[in-house]
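J.: Residue numbers (the numbering used here): 4 to 577.
Submitted below is the structure of interest, expressed as structure tokens.
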């Protein structure tokens, strides 16, 4: 029986749905069927004995080896997992046995994963074979009926009995490992999801695990983590206005580092007309600037209305199409300051910027009207943007945790100490330091994205619980002064350890989206592991296996899709 025309072999990482089941990150030999009309590299199964299609519950050495020279390499990002075609169980067995008979010693540690179609009596969806530390391992994944959450709870003891029935008499006692997952927002993302326009800004999950034989999350000795992912810079994020400011700052820094073209440098992607910008500068100079006291803000992540001089100036100058317009803006600014009686008032907050301190010194008769070059104008704009973004981020941090806000300010001051001469005159900015500041601000923006994701969690003090781990992960590492590119890392993740008391209210008002029980029993020369895995979402794509409607239509409870994993391991020689 020649199956070489029916299967394709890939050396790749597991599809996402299998990675969750097996906890395997390394590459495997993945065996699946061929799509009609496609051409692949083929395998040669000469002199194959069809009697070797029968695998016992205990793995044999012949289940484990083979020649991998015909394997085609694929990356996870290049493969469409949902388009994998399953094979018959007998074809999977034949491939594994042939692989084992024709192996090389150095290939014995390869893991073979065959995607099956579930048409056999046991509804087998995966047949896996591997060798590790002289242990021969064979795993099957079989589909079970769709059930309700109450069914899982009521049959808790039945699962344990099933596992024990497959163990050898006298085996060491059962070692349980249970886990469940609560989904609050979005869905789990991978880097290759970002190749398309992903619809979600991230995901928020609650991952719980415990080692006692009970259905619900254990109150004591349980591991509980809030898992967050964020797509930094997503257009539907409430933080996108600050991300756009970061992009503009990156553009300015890029042009500032290219001194030869600075007089013709393009700036804003969506610029305003010059006359609009010039009129805005006049309006700013004829406005009394104050700080509005706000008792409470409905949404700390939305764009704030700016009241002081430098905030308004930044939100005007960032729409300059090029450095020519920017230079004209500063000329208008200083000409009007020199020629008229203005209502402008420089606040202490304004003095944190070079332009704010400069205007203050002019009003105090400590400085003459400057005549700026294109480079100096762009440097003033960069400094203005850095300080504006820092203030916006610090405001959000302070509203969540004042202690972290203090720590943030102290870290900024330590990394970027303010030179005394900057406070009194316009000087040349060190470009490497400005790149470092931009990197620091981008990492801060990642923190902000995590914080705004927590809006989906009804948990007390959740922002404070998230802020500290995010601060430690993204801001405690050294800040590079290399070229700043905010698109180099868009998908970021965070794990936040919690206690049972933190989530007790959430557990009472939410149901898990995934529940898993792993039971392991071992002896000196063999071991058996059984995993019962239940999920609200189909575990395998419909192209692999279609559950149909196995749950009674009249049932009020939401159905869970189910599979059972069984791994048999025996110690052997090779």
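Built from N, CA and C at the ideal position, the CB exists for glycine as well.
Since we're looking at a predicted model, the values are computed, not measured.
DSSP three-state call for residue 408: helix, strand or coil?
T.: Here residue 408 is taken as the residue at index 405 of the chain shown, counted from 1. Reduced to three states, the DSSP call for residue 408 is helix.
J.: Runs of 4 residues minimum, wholly inside the segment 251 to 288: which ones carry the alpha helix (DSSP H) assignment?
T.: For the segment 251 to 288, whole alpha helix (DSSP H) runs of length 4 or above, ordered along the chain, are 277 to 288.
J.: What whole-angstrom Cβ distance do residue 192 and residue 235 have, given they're in contact under 8 Å?
T.: Counted from its first residue, the chain shown places residue 192 at position 189. Counted from its first residue, the chain shown places residue 235 at position 232. In fact, because the Cβ distance is near 12 Å, the residues do not count as touching under 8 Å.
J.: Alpha carbons only, please: which of 319, 13, 25 and 17 is nearest the one belonging to residue 34?
T.: Counting from 1 along the chain shown, the entry for residue 34 is found at position 31. Ranking the options by Cα distance to residue 34, first place goes to 13.
J.: Which one or two residues does DSSP pair with residue 228 in a beta bridge?
T.: Working through the chain shown from its first residue, we reach residue 228 at position 225. DSSP, once it has assigned bridges, lists 210 and 500 as partnering residue 228.
J.: Would residue 30 and residue 16 be called neighbours here (beta carbons separated by less than 8 Å)?
T.: Translated into the one-based positions of the chain shown, residue 30 becomes position 27. Translated into the one-based positions of the chain shown, residue 16 becomes position 13. Taking 8 Å as the Cβ cut-off, residue 30 and residue 16 qualify as a contacting pair.
J.: Assuming residue 335 is part of the alpha helix (DSSP H), what are its boundary residues?
T.: On the chain shown, residue 335 is found 332 positions in, with the first residue counted as 1. Residue 335 -> alpha helix (DSSP H) spans 326 to 342.
J.: Using CA coordinates, which residue listed in 521, 320, 451 and 157 is at the minimum distance from residue 623?
T.: Since the first residue shown for the chain is 4 and the last is 577, residue 623 is missing from the structure and cannot be characterised.
J.: Check whether the segment 435 to 442 and the segment 410 to 424 are in contact - that is, three or more C-beta pairs closer than 8 Å.
T.: Short answer: they touch.
J.: Going by the DSSP bridge assignment, what does residue 585 pair with across the sheet?
T.: Residue 585 is absent from the structure shown; the chain starts at 4 and stops at 577.
J.: Quick one: any contact between the segment 518 to 533 and the segment 173 to 184, if contact means 3 or more CB pairs under 8 Å?
T.: The segment 518 to 533 is in contact with the segment 173 to 184.
J.: Let me check one thing: in DSSP terms, what residues is residue 317 bridge-paired to?
T.: Numbered from 1 along the chain shown, position 314 holds the residue referred to as residue 317. Bridge partners of residue 317: none, in fact.
J.: For residue 49, collect the residues of the same chain with a Cβ closer than 6 Å to its Cβ; drop the 5 residues on either side in sequence, then sort them by chain order.
T.: Your numbering for residue 49 matches position 46 in the chain shown. With a pLDDT of 45 at residue 49, under the threshold of 50, the predicted position of this residue should be treated as unreliable, though the coordinate-derived value follows. Excluding residues within five positions, none has a Cβ falling inside 6 Å.
J.: Residue 187: which of 210, 194, 21 and 174 sits nearest, CA to CA?
T.: Position 184 of the chain shown holds residue 187. When only C-alpha atoms are compared, the closest one is 210.
J.: How would you write the range of the alpha helix (DSSP H) that residue 139 sits in, first residue to last?
T.: To locate residue 139, count along the chain shown from 1; it is residue 136. No alpha helix (DSSP H) holds residue 139; the beta strand (DSSP E) holding it covers 138 to 151.
J.: Tell me, which residues are paired with residue 521 by DSSP?
T.: Along the chain shown, read from residue 1 onward, the residue named residue 521 stands at position 518. Answer by DSSP bridge pairing, in chain order: 180 and 534.
J.: Just the Cα atoms here: how many angstroms apart are residue 328 and residue 277?
T.: Numbered from its first residue, the chain shown carries residue 328 at position 325. Numbered from its first residue, the chain shown carries residue 277 at position 274. Distance between the alpha carbons of residue 328 and residue 277: 7 Å.
J.: When you compare each of 223, 140, 379 and 151 to residue 515 by their alpha carbons, which one comes out closest?
T.: Working through the chain shown from its first residue, we reach residue 515 at position 512. Per the Cα distances, 151.
J.: Quick check on this structure: which residue in 204, 537 and 133 has the alpha carbon closest to the alpha carbon of residue 114?
T.: The sequence position of residue 114 within the chain shown is 111, counting from 1. Answer by Cα proximity: 133.
J.: Over what stretch of residues does the beta strand (DSSP E) that includes residue 565 continue unbroken?
T.: Sequence index remark: in the chain shown, residue 565 carries index 562 (1-based). 562 to 574 is the extent of the beta strand (DSSP E) around residue 565.
J.: Could you check the C-alpha separation between residue 205 and residue 469 for me, to the nearest Å?
T.: Here the question's residue 205 lines up with position 202 in the chain shown. Here the question's residue 469 lines up with position 466 in the chain shown. Those two C-alpha atoms are separated by around 15 Å.
J.: Between the alpha carbons of residue 82 and residue 196, how many angstroms are there, rounded?
T.: Stepping through the chain shown from its first residue, residue 82 is reached at position 79. Stepping through the chain shown from its first residue, residue 196 is reached at position 193. Low local confidence applies: a pLDDT of 47 at residue 82 is under 50, so the model's placement there is unreliable, with the coordinate-based value given in what follows. Answer to the nearest angstrom: the Cα atoms are 12 Å apart.
J.: Can you give me the Cβ contacts of residue 461 inside the same chain, cut-off strictly under 8 Å, excluding the 5 residues immediately before and after it?
T.: The sequence position of residue 461 within the chain shown is 458, counting from 1. Cβ within range, chain order: 508, 509 and 512.
J.: At what residues does the alpha helix (DSSP H) containing residue 402 begin and finish?
T.: By 1-based counting over the chain shown, the position of residue 402 is 399. Segment 377 to 403, the alpha helix (DSSP H) holding residue 402.
J.: Express the C-alpha separation of residue 375 and residue 260 in angstroms, rounding to a whole number.
T.: On the chain shown, position 257 is the one that residue 260 refers to. On the chain shown, position 372 is the one that residue 375 refers to. Going from the Cα of residue 260 to the Cα of residue 375 covers about 18 Å.
J.: Might you give, ordered along the chain, the residues of its own chain that have their beta carbon closer than 6 Å to the beta carbon of residue 519, omitting 5 neighbours on each side?
T.: As a working note, residue 519 is residue 516 in the chain shown. Once the five neighbours on either side are set aside, the close Cβ partners of residue 519 are 182 and 536.
J.: So residue 287 and residue 319 are in contact, right, with Cβ under 8 Å, and what is the actual spacing, rounded?
T.: Translated into positions along the chain shown, residue 287 becomes position 284. Translated into positions along the chain shown, residue 319 becomes position 316. Yes, they are in contact, since the Cβ atoms of residue 287 and residue 319 sit about 7 Å apart, within 8 Å.
J.: Answer yes or no: do residue 323 and residue 281 have a C-beta to C-beta separation smaller than 8 Å?
T.: For the purposes of this step, residue 323 is taken as the residue at position 320 of the chain shown. For the purposes of this step, residue 281 is taken as the residue at position 278 of the chain shown. Cβ atoms of residue 323 and residue 281: not closer than 8 Å.
J.: Run through DSSP, which three-state label would residue 604 get?
T.: Limits of the chain in this structure are 4 at one end and 577 at the other, which puts residue 604 out of reach.
J.: Tell me whether the beta-carbon of residue 36 lies closer than 8 Å to the beta-carbon of residue 90.
T.: Your numbering for residue 36 matches position 33 in the chain shown. Your numbering for residue 90 matches position 87 in the chain shown. Going by C-beta atoms, residue 36 is nearer than 8 Å to residue 90.
J.: Which of helix, strand or coil does DSSP assign to residue 463?
T.: Counted from its first residue, the chain shown places residue 463 at position 460. DSSP places residue 463 in coil when its eight states are reduced to three.
J.: Using a Cβ-Cβ cut-off of 8 Å (strictly less than) and excluding sequence neighbours within five positions of residue 296, which residues of its own chain qualify?
T.: To locate residue 296, count along the chain shown from 1; it is residue 293. In this predicted model, residue 296 has a pLDDT of only 49, less than 50, meaning its place in the structure is not dependable enough to derive any value.
J.: Can you tell me the Cα-Cα spacing of residue 448 and residue 165, whole angstroms?
T.: The sequence position of residue 448 within the chain shown is 445, counting from 1. The sequence position of residue 165 within the chain shown is 162, counting from 1. Taking the straight line from one Cα to the other gives about 50 Å.
J.: Just confirm the distance between the C-beta atoms of residue 454 and residue 399, as a whole number of angstroms; I'd bet it's less than 8 Å.
T.: Residue 454 sits at position 451 when you count from the first residue of the chain shown. Residue 399 sits at position 396 when you count from the first residue of the chain shown. Rounded, the Cβ-Cβ distance is 7 Å, consistent with contact.
J.: Beta-carbon within less than 6 Å of residue 528's beta-carbon, same chain only, minus the 5 sequence neighbours each way: which residues are those?
T.: By one-based count along the chain shown, residue 528 stands at place 525. Same-chain partners within the cutoff: 574.
J.: For residue 544, which of 118, 479, 100 and 95 has the nearest alpha-carbon?
T.: On the chain shown, position 541 is the one that residue 544 refers to. Residue 118 is the option with its Cα nearest to residue 544.
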